[in-house]
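**Student:** Please find one structure pasted underneath; my questions will follow.
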Amino acid sequence: MFHVKRFCFTFIASLIITFSYSQGSVKFTDKPFILNIERDTAIQSFLNKQQDFAGLSSEEKELLYWLNYVRQKPADFNRKVLDPFLKQFPEVKNAYSRSLAKTLSAMNGVAPLSPATKLQRVAAAHAKDLGSKGLSLSHSSSSGASFQQRMEAAGLANCVSENIYEGKLNALETVIFLLIDNGVKSLGHRKNILDPDARFVGVSFYPVKNRAPYYFSVQDFTCE
Numbered sequence: 231m232f233h234v235k236r237f238c239f240t241f242i243a244s245l246i247i248t249f250s251y252s253q254g255s256v257k258f259t260d261k262p263f264i265l266n267i268e269r270d271t272a273i274q275s276f277l278n279k280q281q282d283f284a285g286l287s288s289e290e291k292e293l294l295y296w297l298n299y300v301r302q303k304p305a306d307f308n309r310k311v312l313d314p315f316l317k318q319f320p321e322v323k324n325a326y327s328r329s330l331a332k333t334l335s336a337m338n339g340v341a342p343l344s345p346a347t348k349l350q351r352v353a354a355a356h357a358k359d360l361g362s363k364g365l366s367l368s369h370s371s372s373s374g375a376s377f378q379q380r381m382e383a384a385g386l387a388n389c390v391s392e393n394i395y396e397g398k399l400n401a402l403e404t405v406i407f408l409l410i411d412n413g414v415k416s417l418g419h420r421k422n423i424l425d426p427d428a429r430f431v432g433v434s435f436y437p438v439k440n441r442a443p444y445y446f447s448v449q450d451f452t453c454e
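In this note's numbering, the protein residues as written are 231 to 454.
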């Protein structure tokens with residue numbers, strides 16, 4: 231059983247909060263998301279065996295778990311995670327959440343993502359760059375380096391993609407909202423997460439200056 235909370239006290243559940251990601255945002259009631267689901271031992275075992283997994287923070291590990299869960303068991307994620315979430319937060323129901331449910335229910339599982347130190351460093355550097363300066367969501371650095379320039383500087387020139395999200399320090403919610411991709415017509419964040427060619431990922435969370443308790447989450451994916 232997972233009891234995912236946005237705040238420590240449930241009496242503030244009437245607050246309305248906004249979560250944002252590149253090109254989109256969503257508002258919903260701030261209350262606990264109650265999820266009853268068993269941990270998938272095969273997914274967890276796979277991650278535990280990855281060399282670069284142990285050094286991640288607990289929330290980064292959780293993010294890797296849910297990214298792999300939705301990739302490997304999309305129909306289960308739809309039924310066991312997304313459906314309960316939408317029932318508890320009906321204000322999030324819209325054309326984007328419906329299209330996600332349709333995609334996941336019809337999708338076959340794809341290869342898992344392995345954590346990679348190089349990608350982790352890139353994600354962490356960008357999350358810190360934006361967060362420590364209290365900047366807006368952007369794939370460009372504070373010095374003006376574009377996404378492509380940042381990737382090339384790290385030696386990542388081919389098949390690289392990136393998701394950026396601003397919200398509470400909560401791995402599952404991060405994955406859910408990036409998958410819904412509200413307001414993003416291209417569904418780019420969803421496509422990055424579910425990309426069958428992706429094999430490696432780097433993830434990071436960093437607090438946003440002057441916007442507590444919000445964090446930036448950066449996820450960088452590559453196929454090689």
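All residues carry an ideal CB built from backbone N, CA and C; glycine is no exception.
Assuming Lys-439 and Ser-335 form a contact by the criterion Cβ under 8 Å, report the distance between their Cβ atoms to the nearest whole angstrom.
**Tutor:** In the sequence shown, counting from the first residue as 1, residue 439 sits at position 209. In the sequence shown, counting from the first residue as 1, residue 335 sits at position 105. Actually they are not in contact, since the Cβ atoms of Lys-439 and Ser-335 sit about 40 Å apart, beyond 8 Å.
**Student:** Which stretch, first to last residue, makes up the beta strand (DSSP E) that contains Leu-265?
**Tutor:** Position 35 of the sequence shown, counting from 1, holds the residue named residue 265. Its beta strand (DSSP E) spans residues 263–265.
**Student:** List the residues that DSSP assigns as beta-bridge partners of Pro-437.
**Tutor:** Translated into positions along the sequence shown, residue 437 becomes position 207. Paired residues: Tyr-445.
**Student:** Taking 8 Å as the cut-off, does the region 381–394 touch the region 438–454 (at least 3 CB pairs, one atom from each stretch)?
**Tutor:** Counting Cβ pairs under 8 Å, three or more are found: they touch.
**Student:** Let me know the secondary structure DSSP gives Ser-335 once reduced to three states.
**Tutor:** For the purposes of this step, residue 335 is taken as residue 105 along the sequence shown, with counting starting at 1. Correct three-state label for Ser-335: helix.
**Student:** Secondary structure at Pro-342, three-state DSSP: helix, strand or coil?
**Tutor:** Within the sequence shown, the letter at position 112 stands for residue 342. Residue state, collapsed to three classes: coil.
**Student:** Using the three-state DSSP reduction, which class does Thr-452 fall into: helix, strand or coil?
**Tutor:** Sequence index remark: in the sequence shown, residue 452 carries index 222 (1-based). Here Thr-452 sits in strand by DSSP.
**Student:** Does the distance from the CB of Val-322 to the CB of Leu-316 come in under 8 Å?
**Tutor:** Along the sequence shown, one-based indexing puts residue 322 at 92. Along the sequence shown, one-based indexing puts residue 316 at 86. Result yes, Cβ atoms of Val-322 and Leu-316 sit closer than 8 Å.
**Student:** Here's the rule I'm using: 16 or more other beta-carbon atoms within 10 Å means buried, otherwise exposed. How should Ile-406 be labelled?
**Tutor:** Working through the sequence shown from its first residue, we reach residue 406 at position 176. With 16 or more other Cβ atoms within 10 Å, it is buried.
**Student:** What separation, rounded to the nearest whole angstrom, lies between the Cα atoms of Leu-417 and Arg-269?
**Tutor:** Within the sequence shown, numbered from 1, the residue matching residue 417 stands at position 187. Within the sequence shown, numbered from 1, the residue matching residue 269 stands at position 39. Their Cα atoms are separated by approximately 28 Å.
**Student:** Can you name the start and end residues of the alpha helix (DSSP H) that Val-390 belongs to?
**Tutor:** Taking the sequence shown and counting its residues from 1, the one referred to as residue 390 is at position 160. Element bounds for Val-390: not the alpha helix (DSSP H) but the beta strand (DSSP E), 390–397.
**Student:** Identify whether Ser-287 lies in helix, strand or coil by the three-state DSSP scheme.
**Tutor:** Along the sequence shown, one-based indexing puts residue 287 at 57. The answer is coil: DSSP assigns Ser-287 none of H, G, I, E or B.
**Student:** For Ala-325 and Phe-435, what's the separation of their Cα atoms in angstroms?
**Tutor:** For the purposes of this step, residue 325 is taken as residue 95 along the sequence shown, with counting starting at 1. For the purposes of this step, residue 435 is taken as residue 205 along the sequence shown, with counting starting at 1. Answer to the nearest angstrom: the Cα atoms are 29 Å apart.
**Student:** Are the beta-carbon atoms belonging to Val-340 and Pro-426 less than 8 Å from one another?
**Tutor:** If you number the sequence shown from 1, residue 340 lands on position 110. If you number the sequence shown from 1, residue 426 lands on position 196. Going by C-beta atoms, Val-340 is nearer than 8 Å to Pro-426.
**Student:** For Phe-258, would you say it is in contact with chain D, using Cβ-to-Cβ distances shorter than 8 Å as the test?
**Tutor:** Here there is only one protein chain, and chain D is not present.
**Student:** Provide the residue(s) that pair with Gly-432 in DSSP beta bridges, ordered along the chain.
**Tutor:** As a working mapping, residue 432 is identified with position 202 in the sequence shown. Partner(s): Asp-450.
**Student:** From the DSSP output, which residues share a beta bridge with Ser-371?
**Tutor:** Working through the sequence shown from its first residue, we reach residue 371 at position 141. For Ser-371, which the question treats as bridged, DSSP gives no partner whatsoever.
**Student:** Which residue's Cα is closest to the Cα of Ala-401: Val-300, Val-352, Ser-371, Leu-349?
**Tutor:** In the sequence shown, the residue the question calls residue 401 occupies position 171. Comparing Cα positions, the closest option is Val-300.
**Student:** So which of Asp-306, Arg-351, Ser-372 has the shortest CA-CA distance to Lys-332?
**Tutor:** As a position in the sequence shown, residue 332 is number 102, starting the count at 1. That would be Asp-306, whose Cα lies nearest to the Cα of Lys-332.
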